[in-house]
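Protein chains in written order, with my numbering: chain A, 85 to 565; chain B, 19 to 427; chain C, -17 to 349.
Glycine included, C-beta positions come from ideal geometry on N, C-alpha and C.
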Amino acid sequence: MTAALTEKKPGLRDELISLLGTDQVMESALERHLYAKDSGVYTGNPTLVVMIHNAEEVAAVVKAARRHDVPVVARGAGTGLSAGAVPEVGGVVLVTTRMNSIEHIDAENRTAWVGPGVINLDLSNVTIPYGLHFAPDPSSQSACTVGGNIACNSGGPHCLSEGSTVNHVLALEVVTDEGAIVTVGGPAPDPIGLDLRGILVGSEGTLGIVTRALVKLTPNAPDVRTLAVAFPTIEDAAATVSGIIAAGLIPAALEMMDQLMMQVIENWLHAGLPIHAGALLLAEVTGVTEAVDAEAQIISRIAEEHNALSVQVAVSSEERAVLWKSRKSAFGAVAQAAPDYYLHDTVVPRTSLVEAMRQVYEIGKRYEITMMNVFHAGDGNLHPLMAFDASVPGELDKVKAAADELVQICVEQGGVLSGEHGIGIEKRHLMPLLFSDVDLDAQARVKEVFDAEGVFNPGKILPEGSRCFDFGRPVPEGVWV
Amino acid sequence: MGYQTPYAPTRTELSNCIQCGLCLPHCPTFRLTGKETDSPRGRLTAMSAVLDGIIEIDDTFEETLSFCLGCRACEPVCPSMVPYGRTLEGARAEIAAQRGGVARRFRAWITVSWLGSRAMMNSITFATALVQRCGLARVAPSRFRTGLGGLRRIRWKTPSLQGKRFEPEGAPVATVGFLVGCIMGPWFGEVHQASISLLVRAGYRVVVPPGQTCCGALAAHDGAADGASRMASHNVKAFGDVDYVVADAAGCSAHLKDYAHWVPPDEMGNWQVKDINELIAEAIEGGRLPRSTRRRGGAALQHPCHLRNAQRITDQPRVILEAAGYDPSDIDPMCCGAAGFYSILRPETSAHLGKNKVKEIRQTESTVVASANPGCEMQLRSHLGEGYQVLHPVELYAQALEEDSETTA
Amino acid sequence: MKNPFGAIPVADTEALPPAEMALAPTSIEETAQALRIATDHRMKVLVWGGGNHQGYGHRTYPDVVLTTTSLDRIQVWEPEDLTLVAEAGVPIAKVEQMLGEHRQTTLLPVHGETATIGGALATGLSGYQRFRYGPSRDRVLETTAITGDGRTVRAGGRVVKNVTGYDIPRLMVGSMGRLGLIGAVCLKLVPTPSTAVTVTVDDPAAAQAALYRPLAILSTPTEHRAFLWGTPAEVESQAASVGTDLINGLAWPAPPSGLMTWSLRVPPSCLQEAIDRLPPSWDYVAQHGVGLVECGTPDLDLQSALKLREWSESQGGAMVLAGGPETLYEQMDPWGTPPNGLDYQRRLVAEFDPYGVLNPGRLPGGI
């Protein structure tokens, strides 16, 4: 089913229109062009685009697509960066933005049933009256959908203390490759049997399509301190991060940005960032007042031991809001430096931060690419950002080569390919850097269990040929039944 | 085919969009349909696709761009600072140039020839006053009903301010050139009165240059680019060498601030454009205008898109309302759906947004509503119905000062 | 019968269930070899850690018992990175003692001296601190598992945040060994704050409302306790808001014991009702905010247990047998009603253990 779809499928089109109505099926050149890519750099070519409203529609679309031998690619707000929602080989792009109902906010159990199209920040805003929020807070949280978060197991600054999306999903309603609607997981702790919910989260829409999720909500902290610490160098800031973790402190968030990044953000936001410093560390501690005061003090002391130039403690919610806005809009602000950017996502052990950062800048210098950094330092989750102009011939290839090298150095440091963006198309060719044939084969078997015919988001996560591991040993006589 | 006019969106403008999607949740039409085609990111991608020759300017392209309210809520949230409003006007100019059409030409005739002509506006005003008085508004086609229902009581004729000059006591702080506009004079004359009296009291010399015309905003928004360009040049000449050009309708002040896109650089005046909210708030904070000591209760503060999004003016109306003795509560910034011609062209979408807005206003439990833009004011009044007072912040402030002086007297 | 396992060390069979053979491989490679041979010979293998949680799941009557006793190395410990890589057979008590000296913890439940990391994870058990920190599953970063047919599958990574590939480590937790023997695992550690107290409280619901994310609030038949840790000032003020009867440190209650032990799982809001429904003679530890009640019974009153199960399942929960006489397992399903998606569970197991040799039948649905 993975062969490229070069022709339109009139039968499928008619079937989908009778299923969903003309309004909900998009097929013009412009509409298909707009759904060809997400926020990353890869482009596909949708055969058709459909807006869906409930699980029954999803099931019907999946069955129809399967009958016509056309894959289905689920998409939320299209803010992904690893091309997870890019219909690389064509297919039906299934848009979940209309499935945005928030049902049954259960304050006692701290849960809510939500549609995949619910915008992440909307969910947290709606639950304010209950003193609760949805903990995963990717930088795109004002736009991205919970369905996308589930697909990519998204993180965000505050997953340092709260964990990624998978820690906040209790149950999923999924449409399977056969078009069945199944709910896995549940509201009680430790559902029996294999953790199908756990394997579905982060599977990038390759195993099934989530049509509803029971998410866990987290109590809002009674008090917060956000520290903005300026350092002369990125090394000092990184050493401070290691120092904080080693001191046994897990702040709610530990974020870092370098000078170039600060400058472009400041240009847009006028947040008063210390643009003359080499690096800025944002540390946030949450909890009761006594705890946040004590922890803020410890962080300040560690920072001062590492040559901090200034420590600003934001107490009011307005001050905090400006600091976080500067952090979360960083990537968008890059357009001021160059028309295109490639935002990377890799992870190293936190103890390797200083060395990894040194090599990141070295790669930037060697490839002559503007390298900016703003990242989740507390997790060791790097986001080197390369600003470039794709209209210059050869520039994108150069950037991609540098990107691969960045992954390589992180893997050498004991890191992994992606911390929160996912593998998608972007990094599937790098999977063998981390995994053996046997490991990849095991992952391919997982895919096969859920989607043997490859109807869901084909070609994502695993490089071609993953499911070909041959045990390669002689079979003892007589044992095969 | 690509683009053919000098107004078209440029590669520099469009390439700023890196498709991060942070604009999506702020876009009223995207919130309505959830479709990429109805989002700022989608519209910009569509404009780029035409520029790159990937698609033609066709029905889908036109629908995508005409569904946009032009509220520019995407601009303040865009970290890449994409000039969305400008590209939208450019793309609509292209659509008009390449696709023409009777309806569009008719609209251009209204936005340029009617709004730009005092005689025409007087006739329309007379006709509208007649419609109002005969109760014809109730039987008008539904798409016009919202607008008619939201009008203030219209006078048969309002004497023009053009050519008048108002001197402050003592040496003037600066000279303000006042834009009378198209509908503001005849339909919202009270706002002009309040604005001018406050400006004078704040120490400004106010001149109302003769020969000025409609600012051209509605023409520009609708793709009547040549007309808009002519109107802009005309006004630039009329205003001559004042210090500030001031408008008291958010849509007008926003458009005046964009004149650099419509007038050749060598023709541009040396003045700065200010919305009335800016100068009055500044005067209050500078002690040139008094703060009322009387408390007047709550007021719902609606932020017109062309004030908040196009000019990033949010604090000033609040300052003015507080000085007037009100306790303002902000209404969610999502567009109210008035959006110029939008309420006539797409009455359903417009009404949907208007109803949402009204729901929020009702939640504040204030019956006083402040709105600094005539279109918004009409939309709110129409959807709110009886029992609400919808006025410009400077009107509320001027009224408050008057009340205060009567009490002391 | 000739020993087909060659040089793989044989285990001391004392305290192990009866089987033809007992093996104690000393490395992941030897374990893989043992399982390959078992697959070749279609011999059923029962994995045995400390033997503490063998009461969970359907019974397996094995040909071979494979103990993880000799997979007892702590491979890597990065105190500054708060990560630890340990082999399956490492006793939790031992690792906790080592980590405790550096004020760190795995948060895994310490059940006596013998319970192993592999055992707790395969059974999917979590420590009482899960109210604050979530279940053990949330801290498993990487697993190196040996599948039923002897493949060594590594998944995840040794960093605290990772979305590289399918989350097989998460699937391994609670899989009762059916997807593979968790040979080695990388865990995210949690730093232990300087101060910890246990407060006796009158009303656990009020305590839950008053406290900001306590470690745990537990009820036993005799009392309710709140467990707190953090900076001294924080702990002091939090404790004072709920009670005056303080014990320094975390005074966890003893796990309930009895002729039968059960794990009752309900949505947190149903916890008080669950407690109220327990027969008065039962011992229990109930975790507020989590919805878990561990129960121990003085008799073999299966009827009461099954009634509770019916109710818990109607609330979206489960009532799982955690231990009892062997005959009990023939009288009823230790798991209760199998979950949704059983086909997928069966197919997953078939991919990891194609010949059904590793702990066959342990999972719900007899998978």
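From this set, A:W197, A:S208 and A:V491, which residue's C-alpha is nearest R296 of chain A's C-alpha? Closest option to R296 of chain A, Cα to Cα, is A:W197.
Taking only beta-carbon atoms, is P275 of chain A less than 8 Å away from chain C? Answer yes: the Cβ-Cβ gap between P275 of chain A and chain C drops below 8 Å somewhere.
Can you give the Cα-Cα distance for R140 of chain C and H217 of chain A, rounded to whole angstroms? Taking C-alpha positions only, R140 of chain C is separated from H217 of chain A by approximately 29 Å.
Do S413 of chain A and L353 of chain A count as a contact pair if the criterion is CB distance below 8 Å? At a Cβ-Cβ threshold of 8 Å, L353 of chain A and S413 of chain A count as neighbours.
Go ahead and label W174 of chain B buried or exposed: buried means 16 or more other beta carbons lie within 10 angstroms of its beta carbon, across all protein chains shown. Exposed: under 16 other Cβ atoms inside 10 Å.
Taking C-beta pairs closer than 7 Å, name the residues in chain A that E62 of chain C reaches, listed in chain order. Identification of chain A residues near E62 of chain C by a Cβ-Cβ cut-off of 7 Å yields S326, I329, A330 and T435, ordered along the chain.
Measuring alpha carbon to alpha carbon, tell me which residue in B:S131, B:E187 and B:W205 is nearest Q150 of chain B. The candidate whose alpha carbon is nearest that of Q150 of chain B is B:W205.
In chain order, each beta strand (DSSP E) run of at least 3 residues that lies wholly inside the segment 235 to 314 of chain B: Counting only runs of 3 or more, we get 262 to 265 and 290 to 293.
Checking contacts by CB at 8 Å: is A486 of chain A closer than that to chain B? By this cut-off, A486 of chain A is not an interface position.
Out of curiosity, what's the CA-to-CA distance linking V565 of chain A and I10 of chain C? Legend: pLDDT at V565 of chain A = 32, less than 50; position of this residue unreliable, no value from coordinates given.
Cβ closer than 7 Å: which chain A residues qualify as neighbours of P94 of chain B? In chain order: nothing, as chain A lies at least about 10 Å away.
Should the segment 132 to 151 of chain C be regarded as contacting the segment 186 to 199 of chain C, the criterion being three or more beta carbon pairs within less than 8 Å? Judged by Cβ distances under 8 Å, the segment 132 to 151 of chain C makes no contact with the segment 186 to 199 of chain C, as fewer than three pairs qualify.
By the three-class DSSP mapping on this structure, what secondary structure does A421 of chain A have? Coil at A421 of chain A, not helix or strand.
Give the single residue among C:G323, C:V72 and C:A20 whose Cα lies nearest to the Cα of G33 of chain C. Measuring from the Cα of G33 of chain C, the nearest candidate turns out to be C:V72.
Tell me whether G478 of chain A counts as near the ligand MN, meaning its Cβ is closer than 7 Å to at least one heavy atom of that ligand. Here there are no bound small molecules, and the ligand MN is not part of this structure.
Could you check if E452 of chain A is buried or exposed, using at least 16 other CB atoms within 10 Å of its CB as the buried criterion? Exposed, since its Cβ has fewer than 16 Cβ neighbours within 10 Å.
DSSP three-state call for V563 of chain A: helix, strand or coil? At V563 of chain A the pLDDT is 41, less than 50, meaning the model places this residue with poor confidence; the figure from the coordinates comes in the next sentence. Reduced to three states, the DSSP call for V563 of chain A is coil.
Residues within the segment 71 to 82 of chain B neighbouring chain A, beta-carbon criterion of under 9 Å: Going along the segment 71 to 82 of chain B in chain order, one finds I72, I73, E74, D76, D77, T78, F79 and T82 with a Cβ nearer than 9 Å to chain A.
Quick check: the segment 102 to 112 of chain A against the segment 37 to 48 of chain B, are at least 3 beta-carbon pairs closer than 8 Å? They do not touch, by the three-pair rule.
Kindly list, in the order they appear in chain B, the residues whose Cβ is closer than 7 Å to that of I203 of chain A. Under the 7 Å cutoff, chain B gives P43.
For V500 of chain A, count the other beta carbons within 10 Å of its own beta carbon; 16 or more makes it buried, fewer makes it exposed. Which is it? It counts as buried.
Rounded to whole angstroms, what is the Cα-Cα separation between T426 of chain B and Q417 of chain B? A straight-line Cα-Cα distance of about 14 Å links T426 of chain B and Q417 of chain B.
When we look at the beta-carbon of A(-3) of chain C and count the other beta-carbons within 10 Å, is it buried (16 or more) or exposed? Burial call: exposed.
Tell me which same chain residues have a C-beta within less than 6 Å of the C-beta of E420 of chain B, skipping the five on either side of it? No residues qualify anywhere along the chain.
Can you confirm whether Q420 of chain A, when its beta carbon is compared against all beta carbons of chain B, has any partner nearer than 8 Å? Q420 of chain A counts as touching chain B.
Label L148 of chain B either buried or exposed according to how many other C-beta atoms from any shown protein chain fall within 10 Å of its C-beta, with 16 as the threshold for buried. For L148 of chain B, the number of other beta carbons within 10 angstroms of its own is below 16, and it is reported as exposed.
Of all Cβ atoms in chain A, is any one closer than 8 Å to the Cβ of C3 of chain B? Since the first and last residues shown for chain B are 19 and 427, residue 3 of chain B lies out of range.
When you compare each of A:A461, A:P547, A:N138 and A:T180 to A64 of chain A by their alpha carbons, which one comes out closest? In the structure as shown, chain A begins at 85 and stops at 565. Residue 64 of chain A is therefore absent and cannot be evaluated.
Comparing C-alpha positions only, which one of A:E446, A:V491 and A:V230 sits nearest to H467 of chain A? Across the set A:E446, A:V491 and A:V230, the C-alpha of A:V491 shows the shortest separation from the C-alpha of H467 of chain A.
Would you mind sorting G95 of chain A into buried or exposed? The rule is 16 or more other CB atoms within 10 Å of its CB. It is exposed - the Cβ of G95 of chain A has fewer than 16 other Cβ atoms within 10 Å.
Should D153 of chain A go down as buried or exposed, given a rule of 16 or more other Cβ atoms within 10 Å for buried? In the assembly as shown, D153 of chain A is an exposed residue. Its beta-carbon has fewer than 16 other beta-carbons within 10 Å.
Own chain residues within Cβ distance below 8 Å of S33 of chain B, not counting five before or after: Result list for S33 of chain B: S66, in chain order.
Residues of chain A with CB under 8 Å from T63 of chain B, in chain order? For T63 of chain B, the residues of chain A that pass the 8 Å Cβ criterion are H117 and L118, in the order they occur in the chain.
Beta-carbon contacts of V372 of chain A that lie in its chain and below 8 Å, excluding the five residues immediately before and after: The beta carbon of V372 of chain A sits closer than 8 Å to the beta carbons of P306 and D307 from its chain, once the five residues preceding and following it are set aside; these are given in chain order.
Own chain partners of N237 of chain A with C-beta closer than 8 Å, once the 5 adjacent residues on each side are dropped: Excluding positions up to five away in sequence, the list reads S248, T249, V250, V285, G286, E504 and G506.
Applying the criterion that 16 or more other CB atoms from any shown protein chain within 10 Å of the CB defines a buried residue, is S239 of chain C buried or exposed? It is exposed - the Cβ of S239 of chain C has fewer than 16 other Cβ atoms within 10 Å.
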